Amino acid sequence: MTISLTKDEIDHIDQCLSFGEVTLITQRIKDKINLAKRKEMNKRMMRQLCNNPHLVNDNN
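For the sequence shown, the positions run 6 to 65 when the working numbering is used.
Dropping the structure here:
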């Protein structure tokens, strides 16, 4: 899993480090990890649906 940071996020983390605000940095990193996990899970679900179209509920 790869997590990328924008320039603004890096600047914010740098600013937090200079003030010793480790909890803000930790929360920001946790948020990025959770987002990456959700994206990965969505990819897996889409692959599974594409490979198993019968899983899609078709009520027409």
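Ideal placement from N, C-alpha and C gives every residue a C-beta, glycine not left out.
Keep in mind it's a predicted model, so treat the numbers as computed, not measured.
Collapsed DSSP secondary structure at residue i in the structure displayed
{"i": "residue 57", "result": "coil"}
{"i": "residue 8", "result": "coil"}
{"i": "residue 26", "result": "coil"}
Alpha-carbon to alpha-carbon, residue j and residue i
{"i": "residue 45", "j": "residue 33", "result": "19 Å"}
{"i": "residue 25", "j": "residue 39", "result": "24 Å"}
{"i": "residue 23", "j": "residue 12", "result": "16 Å"}
{"i": "residue 47", "j": "residue 56", "result": "14 Å"}
Distance CB(residue i)-CB(residue j) smaller than 9 Å
{"i": "residue 8", "j": "residue 41", "result": "yes"}
{"i": "residue 14", "j": "residue 35", "result": "no"}
{"i": "residue 21", "j": "residue 10", "result": "no"}
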